DNA sequence: ATATACGGTCTAAAATGTAGACCTTCAGAT
DNA sequence: ATCTGAAGGTCTACATTTTAGACCGTATAT
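Chains as they are written, first to last, in full-length UniProt numbering: chain A, 1 to 127; chain B, 1 to 127.
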């Protein structure tokens, strides 16, 4: 299911193009990272702070994947201490539009969803 | 991160509404299931066949979560053998629109993504 | 002298996902 | 009469993924 195998080989393409893309961005962190980068370039630790509860390893891995797929660029400034900046590419920027629609939908409907959860829980509890 | 704890209690709401929603639908299977239900009602095993490589357990669990959150309804017809139908609710239907945009984006850009992977791999390979 | 920040990697442990056996009941094939 | 298969799941054991946290090197601030 993942696009990186144990031996770290890149799976270049999967049978279904839709799944190929959704599998990559439909994980726990990708959307959150892209959203964090929407306002502009950020450094590694700034991203960690922005997202709040992601582990370094997952941030590092997910950034690498997003870079592989061309959503972001990684720029290393060989200073000391090193500075690394992550920026959305044109592809990443173009992705923002459908993603913002999703975010807008989430914002509009989350009350309804919370209500559904309460209703569901109530239905389970009785009996 | 998940909305269901080990003791199967429902987490009714999370601090950030966007994450509350994205966490739920941003897993491996939710989008795929909603997409499969877009054309109309489907039964459990029909969904399995439609999606192809989902395990029974994950299908069962994900459907339960989607039902909790009000995206789908589950209707059990107490026949023998039992028939269970899953259908999008109005909320689920309203979600289709932003999701289709995402799918359309994926369809449009997946060639670019595959190209980016090839470029990345080439860049890694040379020493 | 010590602590902190930078951007990670590594390891061990915890959480999550998978495959496949199993359950009940009935219809249809042998 | 017996066996098979399908329905919609659950349960268990195993595999994979994620997490938390130590560690690395250098340099500035205290």
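Note that the Cβ used here is the ideal one computed from N, Cα and C, for glycine as well.
In this text, all values refer to a predicted model and were calculated from it rather than measured experimentally.
Beta-carbon proximity of residue i to residue j, cut-off 8 angstroms
i	j	result
residue 23 (chain B)	residue 116 (chain A)	no
residue 62 (chain B)	residue 94 (chain B)	no
residue 59 (chain A)	residue 47 (chain A)	yes
residue 32 (chain B)	residue 98 (chain A)	no
residue 91 (chain B)	residue 110 (chain A)	no
residue 67 (chain A)	residue 73 (chain A)	yes
residue 71 (chain B)	residue 96 (chain B)	no
residue 10 (chain B)	residue 121 (chain A)	yes
residue 26 (chain B)	residue 26 (chain A)	yes
Spatially closest choice to residue i from the options, by CA coordinates
i	options	result
residue 45 (chain B)	B:97, B:55, B:73	B:55
residue 50 (chain A)	B:16, B:76, B:66	B:16
residue 65 (chain A)	B:13, B:114, B:125	B:114
residue 20 (chain A)	B:124, B:112, B:119, B:123	B:112
residue 208 (chain A)	B:85, B:119, B:18, B:124	With chain A covering only 1 through 127, there is no way to say anything about residue 208 (chain A).
residue 39 (chain B)	B:107, B:86, B:25	B:86
residue 36 (chain B)	B:125, B:119, B:107, B:100	B:100
Output needed in chain order: residues of the region 33–53 of chain B with a Cβ under 7 angstroms from some Cβ in chain A. none
Of the residues that make up the region 92–106 of chain A, which ones have a beta carbon closer than 8 angstroms to any beta carbon in chain B? 94, 95, 97, 98, 99, 101, 102, 103, 104, 105, 106
Could you name each continuous beta strand (DSSP E) segment of 3 residues or more that falls completely within the UniProt domain "HTH hxlR-type" (16–114) of chain A, going from the start of the chain to the end? 72–77, 83–88
With 9 angstroms as the C-beta to C-beta threshold (strictly closer), list the residues of the region 66–86 of chain B near chain A in chain order. 67, 68, 69, 70, 71
Output needed in chain order: residues of the region 105–123 of chain A with a Cβ under 7 angstroms from some Cβ in chain B. 105, 106, 107, 109, 110, 112, 113, 114, 116, 117, 118, 120, 121
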